[in-house]
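Numbering (the working numbering), first residue to last: 30 to 144. Notes to accompany the following structure.
Written as structure tokens, this is what we have:
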């Protein structure tokens, strides 16, 4: 199984980015898909998560600015990030988990928000 994350980059405060993470090499659907992030010196934290039924939850720090979505047919999860702030700077990781307990991490994509 491979998780290919993309979409990170360098942006200015207030701008937007859209992250994508596609799971390949697997035939079943992951019920739980999520984005985590880790800033230098900090622990990895949950940013947003979504189930196959599209029930989503968000960290308080990103509510109203970030939107998680998914394409079940393509086993792909997205994170639309608007109104970016310097404190959003981090490496963003996608994470997927099947009901059986199998779970995988993506390789991470760097988001840098410059003031």
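Glycine residues also receive a C-beta, built at the ideal position from the N, C-alpha and C atoms. All values derive from a computational prediction rather than experimental measurement.
The residues 113, 114, 115, 142, 143, 144, in chain order, have a CB closer than 8 Å to that of residue 42 in the same chain once the five nearest residues on each side in sequence are set aside. Its Cα nearest to that of residue 134, the residue 73 stands out among 93, 73, 85. Going by DSSP, residue 38 is part of the beta strand (DSSP E) stretching over 38-41.
Taking the C-beta atoms as reference points, residue 58 is found nearer than 9 Å to residue 101. A direct Cα-to-Cα measurement between residue 95 and residue 55 gives close to 28 Å.
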